[in-house]
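J.: Residue numbers (this note's numbering): 1425 to 1563. Backbone N, C-alpha and C define an ideal beta-carbon position, used for all residues, glycine too.
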Amino acid sequence: MSMSPEKSRLPLPQPTQDNLAFYEAARQGELRFQRCAACRCFRHYPRPICPRCLSREFSWERSSGKGAVYTWTIVRGPTLPAFEPKLPYNVVDVLMEEGVHFVSEVLDCTPEEIYPGMPVVATFVAASEEITLVKFRRA
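1. Which of the three DSSP states, helix, strand or coil, is assigned to residue 1469?
2. Can you find the residues in the same chain that come closer than 6 Å, C-beta to C-beta, to residue 1513, ignoring five residues on each side of it along the sequence?
3. How close, in whole Å, do the beta carbons of residue 1501 and residue 1455 come, if the pair is a contact with beta carbons under 8 Å?
4. Exposed or buried, what is residue 1554 when buried is set at 16 or more other beta-carbons lying within 10 Å of its beta-carbon?
5. Mapping DSSP to helix, strand and coil, what is residue 1509?
6. I need the boundaries of the alpha helix (DSSP H) containing residue 1536, first residue and last residue.
7. For residue 1521 versus residue 1491, is the C-beta distance shorter than 8 Å?
8. Over what stretch of residues does the alpha helix (DSSP H) that includes residue 1450 continue unbroken?
9. Using beta-carbon positions only, say whether residue 1474 and residue 1482 come within less than 8 Å of one another.
10. Please go through the same chain and pick out, in chain order, the residues whose beta-carbon is closer than 6 Å to the beta-carbon of residue 1476, but skip the five residues on each side of it.
11. Work out the CA separation of residue 1559 and residue 1551 for me, nearest whole Å.
12. In chain order, what residues of the same chain lie with their CB nearer than 6 Å to the CB of residue 1429, ignoring the 5 residues before and after it?
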């Protein structure tokens, strides 16, 4: 896993009480998911209640950062003007080793190179002083 700066004016996530620990870990170069204390299932996106058993007890556990492309799309037209310089870009759904799905982007990968099951590993892109984004690279 590596840290690399992303110099852009793209809209950035706004941390909340539920996901602040996720973004703090990413800023340290770690991918962490919530894990239910009752049923032991990992979950992502961060939220206060386990969607499987409704427990409110959880911990933040470090992910291996490894996964495989589950599905993807190639964006060829901007959804917002800020994204126009990135065109075309990929949006991937990565099935992580922990069993959760994570939506992001595979860096340095042309649209033609992406395939189902492609192994990927998390990498960290500092988008601002406060926000580090989790992206992926081919493993």
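T.: On the basis of the supplied data:
1. Mapped onto the sequence shown, residue 1469 falls at position 45. Three-state result, residue 1469: coil.
2. What you label residue 1513 is simply residue 89 of the sequence shown in a count that begins at 1. These residues qualify, in order along the chain: 1499.
3. In the sequence shown, the residue the question calls residue 1501 occupies position 77. In the sequence shown, the residue the question calls residue 1455 occupies position 31. Contact between residue 1501 and residue 1455 is ruled out by a C-beta separation of about 30 Å, above the 8 Å threshold.
4. What you label residue 1554 is simply residue 130 of the sequence shown in a count that begins at 1. Answer is exposed; the Cβ neighbour count stays below 16.
5. Numbered from 1 along the sequence shown, position 85 holds the residue referred to as residue 1509. DSSP places residue 1509 in helix when its eight states are reduced to three.
6. Translated into positions along the sequence shown, residue 1536 becomes position 112. Membership of residue 1536 in any alpha helix (DSSP H) is not indicated, and neither H nor E is assigned to it by DSSP.
7. Locating residue 1521 in the sequence shown gives position 97, counting from the first residue. Locating residue 1491 in the sequence shown gives position 67, counting from the first residue. Taking 8 Å as the cut-off, the beta carbon of residue 1521 is found closer than this to the beta carbon of residue 1491.
8. In the sequence shown, the residue the question calls residue 1450 occupies position 26. In the DSSP assignment, residue 1450 falls within the unbroken alpha helix (DSSP H) covering 1444–1451.
9. As a working note, residue 1474 is residue 50 in the sequence shown. As a working note, residue 1482 is residue 58 in the sequence shown. Going by C-beta atoms, residue 1474 is nearer than 8 Å to residue 1482.
10. Residue 1476 sits at position 52 when you count from the first residue of the sequence shown. Excluding residues within five positions, the ones whose Cβ falls inside 6 Å are 1463, 1465.
11. The residue you call residue 1551 lines up with position 127 of the sequence shown. The residue you call residue 1559 lines up with position 135 of the sequence shown. Going by the C-alpha atoms only, they are around 11 Å apart.
12. One-based indexing of the sequence shown puts residue 1429 at position 5. Confidence in residue 1429 is poor, its pLDDT being 48 and thus under 50, which makes the residue's placement unreliable; the coordinate value appears in the next sentence. So the list reads 1550, once near-sequence residues are dropped.
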